[in-house]
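Notes to accompany the following structure.
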């Protein structure tokens, strides 16, 4: 592994100083400024005294905490708490449901598996904007149970728990786990559900990382669902609250950007943490038969 | 009826155990799938069926829904704005999917590696993906400000170009929206492709080097085929997402100017919620669902065949 | 047998759930309705909600009736989800021009002036505005307003220009604001007019209709017996569109990119980027805070080729169909239109965002309550020279079609306006026909 780092990457980048390295650095600078520079403007806007809607600055001209303070007065921290509860609960439920389903779909052969997979794929194709009205009826009165989820965090947590994407990527990943590993475990007398817990899950760490990041973002970005599940504005999530801030004519763009920054930080933290587990999982080598 | 299961039960372990795909009772997979199926039924399929029902009615909850048969579908299919919207949706969908896949691939190649600096760079580049779409819209509207003082126009000015109208010019608006879409989706693709790259056996590279294969050939014959599973997932997802594209357009242009960026879902939205016509809106989304299903099935079949 | 039973059980379960859900949809659980507080909504952001809460606090203190209030964004979406489960709020306040839409969908119940305490303190003419197509009254008037032309007075004086009296003056003023650096920062970064020019929700039609009327044009007109016809395809309307296009096609007269902007996305007036804004008076409190009261004026409407008619608009109180609390709802409506309720709504002591713009209660005097010449000017405009959309039909689709057409015509400086108007004319008549009100 260490002897020829040239084989570490697809393009064979070399760590030594060379023309290609200089080129790579130059490209990186361009790429980073295209993708990340707009965020400097969010940060600078969030800490700037006067913010202009026609121009952006990369650094605050008159640094101040005022936009942050106003955003706080507008309840940003409360909305953040709502969002965190929803994303935490929703993500746990989503992962649990998807792991079970993916395990069944990838490691078991049974009649109807293809149909079930197609059903899950179908759920991803529903345009949320339009099932919004019928979905709101379901949330207001759960089928069979008649319980209303409106105004409770479960009004958002339960509907996001099923996401075809997570099931899809987990299934695709678990399929790649060599059958021999499981077989060996079975010979050692490991039970079926324990097999999921001690063999398949640890091997699936990378995909769990991916699923966590994307699941987090999907729930974090929900707009229409928290809106229709809310009973009053104190139930809003941060994403919905951002549009409230945007509609508030008496706060400038600075306050909106301050809110946006608050909304950005948790996603970034999750990405940072999960990226590590993702890479660790993939490079552990356990997946290579 | 009674003999077949017995036969099967005997036969299967022999074939399947080799593949590690059988163990435990037959109801086990269904038990494992039960929570997912229940949630799908409650929160996806019941609303979907209700949506289908609405598409056949003139929806007015307080006056009683009025059966109109396929009239709503006729309205959609004959509406010239829907036809325009379909064109824009396809252009945007294909452009964004291809653009984001290509750019994501390039980013992955550029930033692959385990050094700390690269990790920081990848993180920085991932920022667009984790930002709320509303904020992205806000930032890009300012970047795109269509006078000489606008951010991008000022940069273009250094090269003697512009000023461009971007979102305010009917001829440039769709491309401008597409660029924002690519910008948001490329880092997402990058992460998946990076994961795929890590899965490629390093010894293949070494073996190829021994055989004197060039970098370009290495990409062509080892990397791209190795990425196929990752790419097929990405393409499926992108196809699904791109047809439903809504929020980006809604936030950036609202479908304007002069309807030049109007896509299927913004049209559905303005019919359903701004004109209170849930029946037609449901019909339009049912059609969208149908097309998406067909397309996705076709795509999965195609990728399976090439595999 | 064992092997096949599992899928069957599942299928049975699935079927049960489906059936159960369908029956659950049909049932209604109204048992708890009586003990719940009165449900009241308004289409408001946080500022407006603050003002409503102040009114409601006074109402509850006076009557003991508890109100569950919500300021709702995305009002139409939210109302539709409520309507689909047949649980509309007991009453709500929203644009007067939605009257026909709500009535046509059966969302609202009729009301008469005599049923509301103090109903006679509202002009008969104002009540008459709320008549539906069937001649019954479908809402209680709550607030009225006229659009006004706001101008940065400090900029105007700095450039030594007079108040604009005519369209030409207005054009010249916009050009001067764009080219003569009125804010004196040495940069070419100011513009003439703020225009919410998006076709979303028909915004540009809202803004532009005043100019169409000032040129003697119109959009739809009565054709007798409660029917309407498009009258948009006239030389007069074309004159107005030419005037508007002159603004869009003179660099700087309009803030660049305006064709994609809704009102909440166009903060250029309060940010000191543009100096002219034809808009409703509701945001003036905010401008006072951000710009300063002395920085801008409400000028008398600059005269078009024919007149100075401006868009008059308003908000109504609608009673939700199926409400089991209509007595309490009427009491709340009575308080909302009482002098006390109207004054709290006008002064907006805390948020400075008035939810009552011009009072509908004739015993309330704008000048006495606010003592602000700008509001006096708005009132004068409303009373003397304003015109409203047609509220009794479903006006939203008309506004949407008009907005889309004007947005398209403004996006090119050379397109054929006649062709555009002809197309709009057809679209409007088609829509009227679909609504069964084409005359």
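Protein chains in written order, with UniProt numbering: chain A, 1 to 289; chain B, 1 to 307; chain C, 1 to 439. Note that beta-carbon positions come from the ideal geometry of N, C-alpha and C, so glycine has one too.
Counterpart residues of residue i in DSSP-defined beta bridges
i: residue 69 (chain C); result: C:40
i: residue 193 (chain C); result: C:254, C:276
i: residue 314 (chain C); result: C:144
i: residue 319 (chain C); result: C:91
i: residue 296 (chain C); result: C:152
i: residue 67 (chain B); result: B:57
Residue interval of the beta strand (DSSP E) (run including residue i)
i: residue 136 (chain B); result: Here residue 136 (chain B) belongs to no beta strand (DSSP E); instead the alpha helix (DSSP H) covers 133-143.
i: residue 418 (chain C); result: Here residue 418 (chain C) belongs to no beta strand (DSSP E); instead the alpha helix (DSSP H) covers 417-434.
i: residue 146 (chain C); result: 140-146
i: residue 411 (chain C); result: Segment: none, residue 411 (chain C) is in no beta strand (DSSP E) and carries neither H nor E.
i: residue 92 (chain C); result: 91-95
i: residue 222 (chain C); result: 220-222
i: residue 229 (chain C); result: 228-230
i: residue 211 (chain C); result: It is not in any beta strand (DSSP E) - residue 211 (chain C) instead sits in the alpha helix (DSSP H) that spans 203-214.
Cβ neighbour criterion (16 or more within 10 Å) applied to residue i
i: residue 323 (chain A); result: Since the first and last residues shown for chain A are 1 and 289, residue 323 (chain A) lies out of range.
i: residue 149 (chain C); result: buried
i: residue 428 (chain C); result: buried
i: residue 132 (chain A); result: buried
i: residue 319 (chain C); result: buried
i: residue 367 (chain C); result: exposed
i: residue 361 (chain C); result: buried
i: residue 256 (chain B); result: buried
i: residue 359 (chain C); result: buried
i: residue 308 (chain B); result: This structure cannot settle anything about residue 308 (chain B), because the visible part of chain B is limited to 1 through 307.
i: residue 159 (chain A); result: buried
i: residue 78 (chain B); result: exposed
Sequence-distant residues of its chain with Cβ nearer than 6 angstroms to residue i (five each side left out)
i: residue 386 (chain C); result: 146, 310, 312
i: residue 231 (chain A); result: 150, 151
i: residue 437 (chain C); result: 227, 228, 393
i: residue 137 (chain B); result: 251, 252
i: residue 297 (chain C); result: 151, 153
i: residue 113 (chain C); result: 119, 127
Terminal residues of the alpha helix (DSSP H) in which residue i lies
i: residue 340 (chain C); result: 339-347
i: residue 221 (chain B); result: Element bounds for residue 221 (chain B): n/a, residue is neither H nor E.
i: residue 244 (chain A); result: 238-247
i: residue 183 (chain A); result: 179-187
i: residue 231 (chain A); result: No alpha helix (DSSP H) contains residue 231 (chain A), which DSSP labels as neither H nor E.
i: residue 27 (chain B); result: Neither: residue 27 (chain B) is in no alpha helix (DSSP H) and is coded neither H nor E.
i: residue 266 (chain C); result: Neither: residue 266 (chain C) is in no alpha helix (DSSP H) and is coded neither H nor E.
i: residue 301 (chain C); result: Counting along the chain, residue 301 (chain C) falls outside any alpha helix (DSSP H), and DSSP gives it neither H nor E.
Neighbouring residues, chain D, relative to residue i (Cβ below 8 angstroms)
i: residue 254 (chain B); result: Among the protein chains of the structure shown, namely A, B and C, there is no chain D.
8 angstroms Cβ shell around residue i - same chain, five flanking residues per side excluded
i: residue 20 (chain A); result: 13, 14
i: residue 157 (chain B); result: 148, 163
Cut-off 7 angstroms between Cβ atoms - residues of its own chain near residue i, not counting five sequence neighbours on either side
i: residue 246 (chain C); result: 171
i: residue 277 (chain B); result: 271
i: residue 169 (chain A); result: 207, 210, 211
### Query
What residues in the stretch 129-149 of chain A have a beta carbon less than 8 angstroms from any beta carbon of chain B?
129, 130, 131, 133, 134, 135, 137, 138, 142, 143
### Task
Report the residues of the stretch 280-291 of chain B with a CB closer than 8 angstroms to any CB of chain C, ordered along the chain.
none
### Short-range partners of chain B found in the stretch 10-27 of chain A, where Cβ spacing is below 9 angstroms
10, 11, 12, 13, 15, 24, 27
### Query
Listed in chain order, which residues of the stretch 149-174 of chain B have Cβ atoms closer than 7 angstroms to some Cβ of chain C?
149, 167, 168, 170
### Query
Mind listing which residues of the stretch 246-273 of chain A have their C-beta closer than 8 angstroms to chain C's C-betas, in chain order?
246, 247, 248, 249, 250, 252, 253
### Query
Along the stretch 85-104 of chain C, what residues have a CB closer than 7 angstroms to any CB found in chain B?
86, 101
### Task
Identify each residue in the stretch 389-406 of chain C for which the Cβ-Cβ distance to at least one residue of chain B is less than 8 angstroms, and report them in chain order.
394, 396, 397, 400, 404
### Query
If you measure beta-carbon to beta-carbon, which residues of the stretch 253-276 of chain B are closer than 7 angstroms to chain C?
253, 254, 255, 256, 257, 258, 259, 270, 273, 274, 275, 276
### Message
If the cut-off is 7 angstroms on Cβ atoms, which residues from the stretch 173-192 of chain A count as contacting chain B, listed in chain order?
### Response
179, 180, 182, 183, 186, 192
### Task
Determine which residues of the stretch 62-78 of chain C have a Cβ less than 9 angstroms from any Cβ of chain A, and write them out in chain order.
68, 69, 70, 71, 72, 73, 74, 77, 78
### Query
Name the residues in the stretch 235-246 of chain A whose C-beta lies less than 7 angstroms from a C-beta of chain C; which are they?
243, 244, 246
### Query
For the stretch 215-228 of chain B, which residues have a CB atom closer than 8 angstroms to at least one CB atom of chain C, in sequence order?
none
### Task
Select from the stretch 152-175 of chain C all residues with a C-beta closer than 9 angstroms to any C-beta belonging to chain B, and list them in chain order.
none
### Task
Using a Cβ-Cβ cut-off of less than 7 angstroms, list which residues of the stretch 42-53 of chain B approach chain A; keep chain order.
42, 43, 44, 46, 47, 48, 50, 51
### Task
Using a Cβ-Cβ cut-off of less than 9 angstroms, give me the residues of the stretch 123-139 of chain B that come near chain A, in sequence order.
123, 124, 125, 126, 127, 128, 129, 130, 131, 132, 133, 134, 135, 136, 138, 139
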